[in-house]
Amino acid sequence: MSSITVCARFRPLSSKEKRDHNDSICIHILDAGTLIFKDEKEEDHLFCFDRVFCQESEQSDVYEFLALPIIQDAVNAINGTILTYGQTGAGKTYSMEGPNILEGNEKKKGLLPRVVEGLFDCLRSSEKVYTVKLSMVEIYMEKVRDLFDLSKDNLQIKEDKIQGIYLSGVTEVSVLDPEEALQNLCNGIANRAVGETQMNMASSRSHCVYIFTIQQECTGERRLKTGKIILVDLAGSEKVEKTGAEGKVLEEAKTINKSLSALGNVINALTSGTPGKANHIPYRDSKLTRILQDALGGNSRTALLCCCSPSTLNASESLSTLRFGARAKHIKTSPRANYNRDKCEKKQLDLDICPVKDELYEM
Ligand code: ADP
Ligand code: MG
-5 MSSITVCARF RPLSSKEKRD HNDSICIHIL DAGTLIFKDE KEEDHLFCFD
45 RVFCQESEQS DVYEFLALPI IQDAVNAING TILTYGQTGA GKTYSMEGPN
95 ILEGNEKKKG LLPRVVEGLF DCLRSSEKVY TVKLSMVEIY MEKVRDLFDL
145 SKDNLQIKED KIQGIYLSGV TEVSVLDPEE ALQNLCNGIA NRAVGETQMN
195 MASSRSHCVY IFTIQQECTG ERRLKTGKII LVDLAGSEKV EKTGAEGKVL
245 EEAKTINKSL SALGNVINAL TSGTPGKANH IPYRDSKLTR ILQDALGGNS
295 RTALLCCCSP STLNASESLS TLRFGARAKH IKTSPRANYN RDKCEKKQLD
345 LDICPVKDEL YEM
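This is how it looks when you write it as structure tokens:
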């Protein structure tokens, strides 16, 4: 069993925070993994994480600590998941993508382009025959939308013995090199923006999920190894209802709060069970938790990056983000290598694995 790696990251103060709040900061970082948070009533809260990334931290620091071990596992057929959590404007997308995934700014590159490059570096050095496939979906108002094919706007989540949880009919693009992967991801991100104008939604009101599936032939053995890396840029965790939102914005807020609460409830159920006693885990309460079922309680190595503003202006949202992370720290997952013996007769790696019928569930 391994615990989820939980990190906190504080972005630099924004110009608004500097202007309106006199540079006032609510955190004091004690060491690489510990911080003291001062709430609105000037009370101190101590938090211990696997790592705390301060305002001066580099994108490469976050990548090396959170993503590199996950890439190394994925090429050994162990699934990995990285989630960014936090209120809108806290630095989730900056951490995940960087300012622009195709932009050559080495320093500012986020996790996504770094994972693409690191993954291909790792695969090329292993000298095995491999394929990498990419999918990209968005969960908006409890519907899973394929960002590589906008006509697929309500994908169903299914489960089977071989693949675990998967998205039925999702577009999977085979990519040969990092450039092709990045170009496809860029197209997916652009499709997200198309949806925004059509549906009048801001990207912070949906969860964005990037899925890498890596298959390799094992030398000397007639079997395939399959590893998955899932990156999730979660919707903003702020409590929109309190701001007097109405109509569509309120509906969106309720749906997001519901799915993030479902995520919180799953975390609570996973961490509060009686040892040795099976506990009901409510994965099916939202599309998000259902997609993340393997990542949270099953076969995956998982990392959570809790993104926060350091400003006293956002103290209450930051405190709630840090508490969410502290809770998640207690979850244990059971990562194991995925070998597919049944399919070893097939020489071609680019296989579509048929779901086992009697193990099929639909949400
Ligand atoms: P979110 O996705 O959580 O809503 P963003 O990632 O879009 O937030 O960040 C909000 C703003 O803060 C953006 O302008 C972004 O460039 C900036 N920002 C976030 N994190 C950092 C960071 N670590 N260093 C510099 N700027 C950052
Ligand atoms: Mg964002």
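So the sequence shown is residues -5 to 357, counted in my numbering. Ideal Cβ placement from N, Cα and C applies to all residues, glycine included.
Considered as a whole, the region 265 to 328 harbours 295 to 302 as its complete beta strand (DSSP E) runs of no fewer than 3 residues, in chain order.
In the DSSP assignment, Ser120 falls within the alpha helix (DSSP H) that extends over 105 to 120. Exclusion of Gly214 from the 8 angstroms shell around the ligand MG follows from its C-beta lying no nearer than that to any non-hydrogen atom of the ligand. Ser305 is classed as buried because its beta carbon has at least 16 other beta carbons within 10 Å across all chains shown. In the DSSP assignment, Leu128 falls within the unbroken beta strand (DSSP E) covering 124 to 134. Residue pairing by DSSP places Gln150 opposite Ser162 in a beta bridge. Taking C-beta atoms as the reference points, Ile64 and Thr75 count as a pair closer than 9 angstroms. DSSP places Arg13 in the uninterrupted alpha helix (DSSP H) bounded by 9 to 15. With fewer than 16 other beta carbons inside 10 angstroms of its own, Cys42 counts as exposed. DSSP, read as helix, strand or coil, puts Phe4 in strand. Listed by position in the chain, the residues whose beta carbon lies within less than 7 angstroms of some heavy atom of the ligand MG are Thr82, Lys86, Thr87, Ser197, Ser198, Asp227. Cys20 places its beta carbon 9 angstroms or farther from that of Ala320. With a cut-off of 8 angstroms, the C-beta of Ala84 is classified as near the ligand ADP, since at least one heavy atom of the ligand falls inside that distance. With contacts defined by Cβ atoms closer than 9 angstroms, Gly83 and Gly92 do not form a contacting pair. Between Phe206 and Lys35, the alpha-carbon positions lie close to 44 angstroms from each other.
Counting of Cβ neighbours within 10 angstroms places Pro107 among the buried residues, the total reaching 16 or more. Judged by the Cβ position, Thr125 fails to qualify as a neighbour of the ligand ADP at the 8 angstroms threshold, every heavy atom of the ligand being at least this far.
The distance from the Cβ of Asn185 to that of Leu128 is about 13 angstroms, inconsistent with a contact at the 8 angstroms cut-off.
Selection Leu313, Ser54, Pro329, Cys202 evaluated against Phe142 yields Cys202 as nearest (Cα-Cα).
Uninterrupted alpha helix (DSSP H) stretches at least 4 residues long and entirely within the region 240 to 269 occur at 241 to 266, given in chain order. Under the three-state reduction of DSSP output, Lys32 falls in the strand class. The residue among Thr165, Leu286, Val226 with its C-alpha nearest the C-alpha of Ser197 is Val226. By the Cβ-count criterion, Leu96 is exposed, with fewer than 16 other Cβ atoms from all chains shown falling within 10 Å of its own Cβ. Contact between Cys48 and Ile30 is ruled out by a C-beta separation of about 13 angstroms, above the 8 angstroms threshold.
Counting along the chain, no alpha helix (DSSP H) covers Asp171, and no H or E run does either. Here DSSP, grouped into helix, strand and coil, assigns Leu179 to helix. Here Val260 has Ile275, Pro276, Tyr277, Thr283, Leu290 as same chain residues with Cβ atoms under 7 angstroms from its own Cβ, once five neighbours each way along the sequence are excluded.
Residue range 86 to 90 is occupied by the alpha helix (DSSP H) that includes Tyr88.
Here Asn332 is buried, its C-beta having at least 16 other C-beta atoms within 10 Å. Non-local beta-carbon contacts of Ile159 in its own chain, meaning distances under 6 angstroms to residues more than five positions away in sequence, involve Glu153, Gln287, Asp288 in chain order.
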